[in-house]
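Working notes, beginning with the structure itself.
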Amino acid sequence: MTRRELIDWGLALPGAYEDYPFDTVADGSCWTALRHRGNRRCFAFIYERGDVLFVNLKCEPMQGEFWRQVYASWVTPGYHMNKTHWVSAAIGPDTDYDALRQMLRESHALTAPRKKR
Numbered sequence: 001m002t003r004r005e006l007i008d009w010g011l012a013l014p015g016a017y018e019d020y021p022f023d024t025v026a027d028g029s030c031w032t033a034l035r036h037r038g039n040r041r042c043f044a045f046i047y048e049r050g051d052v053l054f055v056n057l058k059c060e061p062m063q064g065e066f067w068r069q070v071y072a073s074w075v076t077p078g079y080h081m082n083k084t085h086w087v088s089a090a091i092g093p094d095t096d097y098d099a100l101r102q103m104l105r106e107s108h109a110l111t112a113p114r115k116k117r
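The numbers in our numbering rise by one with no breaks, and the one at position 88 of the sequence shown is 88.
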């Protein structure tokens, strides 16, 4: 999977947009943030470390622990993030793309704008 494919997965979710909060040039070395239009909250950070593509995703604490145990070969505590509420997923040969897509959807739902009463 390429960086662009991963970004496109996120952009397919309702109200999502791509941002580069830490860089002025959108090249391969920068961090890409996927955000909600309604509240600007981030639900994914996509970046590269070495030659490996990673995505940080928001999660419920128990869900994050589950993912880290079940997918220990590619899911770790969030890099540069709160280790309780974020996980980092390495994109590589061990990655279960169905599980990754589910993690992305759950992160999107957790950070979605609140419904007005």
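Virtual Cβ for every residue (Gly too), placed ideally from N, Cα, C.
According to DSSP, tryptophan 86 shares a beta bridge with Lys58. Counting C-beta atoms within 10 angstroms of its own C-beta, phenylalanine 22 has fewer than 16 neighbours from the protein chains shown and is therefore classed as exposed. In this structure, the alpha-carbon of proline 113 lies about 31 angstroms from that of valine 52. Considering only His108, Phe54, Lys83 and Pro93, the residue with the shortest C-alpha distance to leucine 6 is Phe54. According to the DSSP assignment, histidine 80 belongs to no beta strand (DSSP E), since it is labelled neither H nor E.
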